[in-house]
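Residue numbers (the working numbering): 7 to 142. All C-beta atoms in this analysis are idealised placements derived from N, C-alpha and C, irrespective of residue type, glycine included.
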């Protein structure tokens, strides 16, 4: 009887521990779209767009097919300012999409200050345009 009671108590305890871990994981993965203070590029947006223009490598296939336009890239600015979950929201072509993702994933890309909510850094969903224009 004592063994049965001991097992029941252990099962109850471990069940509570698992529930607490699950709840914490849910909070950690939450991302915001609107926050009190949105994320910012260190050095300002002009630094980001200068970086994009300077480092963009126009894909050969896009040049040959006269493909021009805008790729909209979306990503999450993490609590420490890193970018994650970088993907294309509005596509132009497979090659231009890959180039836009490469630019935003590059370690040389400008660093970010995380968004803030209630005085604490939070994960924020963000998106930017990457322009592909051929000079004639």
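Quiz item: Residues in its own chain within less than 8 Å of residue 141 by CB, not counting five upstream and five downstream?
Solution: none
Self-check item: Rounded distance between the beta-carbons of residue 41 and residue 122, thought under 8 Å
Solution: 6 Å
Quiz prompt | Inter-residue Cα distance where the pair is residue 55 and residue 47 | solution = 10 Å
Quiz item: Between the beta-carbon of residue 82 and the beta-carbon of residue 139, is there less than 8 Å?
Solution: no
Self-check item: For residue 141, the three-state DSSP class (helix, strand or coil)
Solution: coil
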